[in-house]
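**Student:** In terms of my numbering, the first sequence opens at residue 20 and continues consecutively. Idealized CB from N, CA, C, for every residue including glycine. Here the structure is a predicted model, which means the values were calculated and not measured. For reference, the structure I am asking about is given below.
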Amino acid sequence: MLTLQQIRNEKEKVITGLLKRNMTKAEEIIENIISIDDKRKTTQTKLDQSLSEQNQYSKQIGQLFQQKKIEEANIMKEKVADLKRVSSTLEQDQRNIQLELETQLLSLGNVPHGSVPAGTSEDDNEVIKENTSDMPNLSDNALPHWDLAKKYNLIDFELGTKITGSGFPLYRGQGAKLQRALINFFLDQAEEAGYEEIIPPHLVNEDSAKATGQLPDKEGQMYHMSVDNLYLIPTAEVPITNIFRDIILKEEDMPIKVTGYTPCFRREAGSYGSDVKGLNRVHQFDKVEIIQVAHPKKSYTVLDEMVAHVEKLLVNLNLPYRILRLCGGDLGFTSALTYDFEVFSAAQQKWLEVSSVSNFETYQSNRLKLRYKSENGKKKLAHTLNGSALALARIVAALLENNQTEEGIKIPEILRPYTRFDFIK
RNA sequence: GGAGGAGUGGCAGAGCGGUUGAAUGCACUAGUCUUGAAAACUAGCAUACUUUAACGGGUAUCGGGGGUUCGAAUCCCUCCUCCUCCGCCA
């Protein structure tokens, strides 16, 4: 969530930023927020004055009682009663104003970074790098991953559907082992890059979902356990970032680097067609996430470092990939700058998104109340960043398709110590 | 799930319903002393909002929410968390 300070101090920048997100009424909305906030301030002042008077009277009443001046005390009590009526209406007003302010603020996405290109859809994303040196030469009868999965008995989509429903694949045999191998490989790589490994809870409460911005924005995307009011995590970002809720760091604590593997659960309501075939879009998938808390001055260096980390994973897996800088229209609500990674899944001739690396600047930390004490002792919001490193399901899709041969599916060198087999047969 | 107990500042730990934003100790910061350090001494040390050019002032906060009262850390209700015992269980 943007801070009021940001909105007031950098009004023009915020407006142009929101326009880049195609929020056409940005100026109007911002002006409205400022006027609501003005109202909030004046109401607060009036309320405080009224309460202050009440407090003074109460002290006097106490003294009068001690001096046994009951009559005078009773007169004063009536004055307080009047003041209370005033303050309770003011309080109600203030509550409504604050609620209104909050909903207005929640409707604003993050201000995009200067390098974010204008645009309305994914077609306007900027391809900043394309590395197809590992592009396979597949024969005409190459199979898409869902057929390969069946042929080699790696994934049973029908069984998953039987047990749970569509979009819940069941991995088995070498398919299951490949999952485990990838998870371990990714975690080891993250550890080598200095990230602390975490296994967080896979369900989160409402506060946590709010703090990272899933609520109220993506309410329908999460599975909700109404009995206990808990949500299945859509990404490890939610529980891991919430480690830092209500925290004040020392400046030298940063950067903090945390990684974690979790399954991710997404309802993906409303998506159908070829996009959801096989592993392309599922309700449950595995992902290793990397997260950093960084000093505002260094967060973009950190972002580059994270992008490099993800890129290295893809190079190591010998997958053709490209890196996109998301345009204003495609940029996630909470992000200031996002790089998406896509791998080419050669049999279905499709680019599949496998990672999204973002700098949220202070947008998340504002809601998290994640701050650090700067040199002069002032508390400032830290920057948060995260990225997938990597999301498994689609990586598996690309690996299966791209590495299919007459003899079976070839496992990339780097994974062999993890799978302990060279071929899927 | 049942019975009991507890939740106060960074930590420990006081707190008759009325100068208690909160004693005291530790920790922390600055200073004095010292060649330096330690010790000792002195002072400072919560957060948020609001007001002010500034000094400063005001309001709220003692697990969360609500209530009683002129006045609540202190009384009542409710929820949460932790501890002890019992039950169940990977």
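Could you check whether Val312 and Tyr280 sit closer than 7 Å to each other, using their CB atoms as the reference points?
**Tutor:** Taking 7 Å as the Cβ cut-off, Tyr280 and Val312 do not qualify as a contacting pair.
**Student:** Can you tell me where the beta strand (DSSP E) holding Glu377 begins and where it ends?
**Tutor:** The residue you asked about is not Glu; residue 377 is Ser in the sequence shown. Segment 369 to 380, the beta strand (DSSP E) holding Ser377.
**Student:** In chain order, which beta strand (DSSP E) runs of at least 3 residues are fully inside the segment 104 to 152?
**Tutor:** If we require 3 residues or more, the beta strand (DSSP E) runs fully inside the segment 104 to 152 come out as 145 to 150.
**Student:** Can you check whether the CB of Pro339 is closer than 7 Å to the CB of Phe363?
**Tutor:** Yes. Within cutoff.
**Student:** Applying the criterion that 16 or more other CB atoms from any shown protein chain within 10 Å of the CB defines a buried residue, is Ser407 buried or exposed?
**Tutor:** Flag for Ser407 reads buried.
**Student:** Name the residue from Tyr76, Leu109, Gln86 whose alpha carbon lies nearest to the alpha carbon of Glu97.
**Tutor:** The option with the nearest alpha carbon to Glu97 is Tyr76.
**Student:** Select from Lys169, His328, Asn248, Ser185 the residue whose C-alpha is nearest the C-alpha of Leu206.
**Tutor:** Comparing Cα-Cα distances from Leu206 to each of Lys169, His328, Asn248, Ser185, the minimum goes to His328.
**Student:** Based on the DSSP output, what are the partners of Tyr280 in its beta bridges?
**Tutor:** Its beta-bridge partners are Val307.
**Student:** Can you find at least 3 beta carbon pairs, one from the segment 405 to 423 and one from the segment 137 to 152, that sit closer than 8 Å?
**Tutor:** Short answer: they don't touch.
**Student:** For the beta strand (DSSP E) containing Arg59, name the first residue and the last one.
**Tutor:** Taken as a continuous stretch (DSSP letters only), Arg59 belongs to no beta strand (DSSP E), being part of the alpha helix (DSSP H) at 45 to 85.
**Student:** Do you know offhand how far Gln198's Cα is from His164's?
**Tutor:** Each residue's Cα considered, the two are about 14 Å apart.
**Student:** Does the beta-carbon of Val130 have 16 or more other beta-carbons within 10 angstroms, so that it is buried, or is it exposed?
**Tutor:** It counts as buried.
**Student:** Ordered along the chain, which non-local residues of its own chain (more than five positions away) have a Cβ less than 6 Å from that of Val326?
**Tutor:** Closer than 6 Å at the Cβ level, and outside the excluded window around Val326, lie Tyr358, Val376.
**Student:** Quick one: any contact between the segment 415 to 425 and the segment 162 to 179, if contact means 3 or more CB pairs under 8 Å?
**Tutor:** As far as the Cβ criterion goes, the segment 415 to 425 touches the segment 162 to 179, which means the pair count is three or higher.
**Student:** Assign Phe379 to buried or exposed, taking buried as 16 or more other Cβ atoms, counted over all protein chains shown, within 10 Å of its Cβ.
**Tutor:** Phe379 is buried by the Cβ-count criterion.
**Student:** Give me, in chain order, the residues of the same chain whose beta-carbon lies closer than 6 Å to that of Asp265; leave out the 5 immediate sequence neighbours on both sides.
**Tutor:** The answer, listed in chain order, is Lys388.
**Student:** Which ranges does the beta strand (DSSP E) cover as unbroken runs of at least 3 residues, wholly within the segment 154 to 217, from first to last along the chain?
**Tutor:** Those beta strand (DSSP E) runs which fall completely within the segment 154 to 217 and span 3+ residues are 215 to 217.
**Student:** For Asn156, which option in Ala366, Glu372, Lys398, Lys397 has the closest C-alpha, if you only look at C-alpha atoms?
**Tutor:** The residue with the shortest Cα to Cα distance from Asn156 is Ala366.
**Student:** Does DSSP put Tyr437 in a helix, a strand or coil?
**Tutor:** The answer is helix: DSSP assigns Tyr437 an H, G or I state.
**Student:** Report the partner residues of Thr424 according to the DSSP bridge assignment.
**Tutor:** Gly427.
**Student:** Classify Asn337 as helix, strand or coil using the three-state DSSP reduction.
**Tutor:** Coil, per DSSP.
**Student:** So, under 8 Å CB-CB, Pro274 and Lys317 are touching, yes? Tell me the CB distance rounded to an integer number of Å.
**Tutor:** The pair is a contact, with the Cβ atoms about 7 Å apart (cut-off 8 Å).
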